[in-house]
Amino acid sequence: MNITAVSFEKRSLPLTRPYTIARTTVSAVEMVFVKIQLADGTVGIGSASTDADVVGECADDTIANLENGGAQWLVGKDIRTFMGLIRETQRTFPLQPGTQAVIDLALHDAFGKWMGLPVVDFYGRYHVQLPTSVTIGIKGVDDTLEEAQEYQDRGFRVLKVKTGLDVAEDIERIVKLRERFGAYFGIRVDANTGYTLAQLIRFMEATAPLDVELVEQPMPPGNEDAIRTLPRIFRQRLAADESLKNAVSAVELCEGEPYGIYNIKLMKCGGITGAMDIATVAKQRDIKLFWGCNDESIASITGALHAAFACPHTRYIDLDGSLDLAADFVAGGFILENGLMRLPDAPGLGLHMN
48 MNITAVSFEK RSLPLTRPYT IARTTVSAVE MVFVKIQLAD GTVGIGSAST
98 DADVVGECAD DTIANLENGG AQWLVGKDIR TFMGLIRETQ RTFPLQPGTQ
148 AVIDLALHDA FGKWMGLPVV DFYGRYHVQL PTSVTIGIKG VDDTLEEAQE
198 YQDRGFRVLK VKTGLDVAED IERIVKLRER FGAYFGIRVD ANTGYTLAQL
248 IRFMEATAPL DVELVEQPMP PGNEDAIRTL PRIFRQRLAA DESLKNAVSA
298 VELCEGEPYG IYNIKLMKCG GITGAMDIAT VAKQRDIKLF WGCNDESIAS
348 ITGALHAAFA CPHTRYIDLD GSLDLAADFV AGGFILENGL MRLPDAPGLG
398 LHMN
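Numbering of the sequence shown is given in the working numbering, commencing with residue 48 and proceeding in unit increments.
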């Protein structure tokens, strides 16, 4: 079954709730969408939402790559060879994970729909449902508690709290969350590279009795030697994010195991195929998987969920990136009930145009 057409566009989608992280404040996100059509009318959908500060590619770069031959070369190709087409895209755009991801996702969706098979079952389904965390940006204690109450009211059971600007206030926010909600929430922390080693130690020692599940990317990439000086019991609760870009960096980070958890984001590693490459490395070293996201469309969030559910060593998901979009290009994908994410029995990624 051949590919007959490929189309793409860029859209800027506002967030219903702007938020602050250690690097910046975010109020809208630019996304690129791709549609791949097969000869029988099947349409595969992919999306990309990259962070130029993290992966070196923005939406305009992705569009430029697609316009300059990155999309049209797929026309006439057989969808049955989709894995080879993805590998060729990786070779053509080795440093542009957003371009890789948007094509990877659209090809996976098109192939699965044509086969009548969910993508997760192509790889081998392991998980049926998992609780996703929801993210609270950097804000004062009172606002943090107010937002957490909203999430409790909506049935969520896991929070990811952004930190990294003021370690004393970071500690206070976690303390107050536990005082207010007790053990109701699982709590994860994302410092977005905002800590020094001394600040990280201070935070982890102060919150040790508060059952923080993990601390994501506490220091900037390149500080792994400093992290390796920490006790293993600390390092096992640290998650690599900005330091983990692809399978090559996954192998490098195995040395001395500065992180006991790998946060895989499709927008960093180039889609489902790149993500599964990282997952394979992690499995050999018994490193837990934590699937994350940017502010993204349902299209790419669903792709991450299919990959996560196919990996036995997936322990955590943070796939809330589409929940605060004011609008989306697609519908379908995942099912979210009381903070639990699961997949419908639908072919491909289960997506349709909104």
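Note that CB positions come from ideal geometry on N, CA and C, so glycine has one too.
Cβ contact annotation for I274 (same chain, cutoff 6 Å, sequence separation greater than five): P305, in chain order. Annotation: A355 to L291 spans about 16 Å, alpha carbon to alpha carbon. With contacts defined as CB atoms closer than 8 Å, I319 and G350 qualify as a contacting pair.
For K124, there is no enclosing alpha helix (DSSP H), as DSSP marks it with neither H nor E. Under DSSP, the beta-bridge partners assigned to R235 are K207. Excluding five sequence positions before and after N385, the CB atoms of its chain that fall closer than 6 Å to its own CB belong to G202, given in chain order.
Remark: three or more beta-carbon pairs, one from each stretch, lie closer than 8 Å, so the stretch 153-169 and the stretch 80-89 are flagged as touching. In this chain, the beta strand (DSSP E) harbouring R389 covers 387-389. Non-local beta-carbon contacts of C105 in its own chain, meaning distances under 6 Å to residues more than five positions away in sequence, involve A99 in chain order.
The criterion of a C-beta distance shorter than 8 Å is satisfied by I234 and V208. Residue range 176-178 is occupied by the beta strand (DSSP E) that includes Q176.
Taking all protein chains in view, the Cβ of G269 is surrounded by fewer than 16 other Cβ atoms within 10 Å, so the residue is classified as exposed.
Counted as a single uninterrupted DSSP element, the stretch harbouring H399 is not any alpha helix (DSSP H) but the beta strand (DSSP E) occupying residues 398-400. Apart from the 5 residues on each side of it in sequence, E216 sits with its Cβ closer than 8 Å to the Cβ of G187, V188 in its chain, given in chain order. Taking 8 Å as the cut-off, the Cβ atoms of G145 and A95 count as close. Counted as a single uninterrupted DSSP element, the alpha helix (DSSP H) harbouring E226 occupies residues 214-228.
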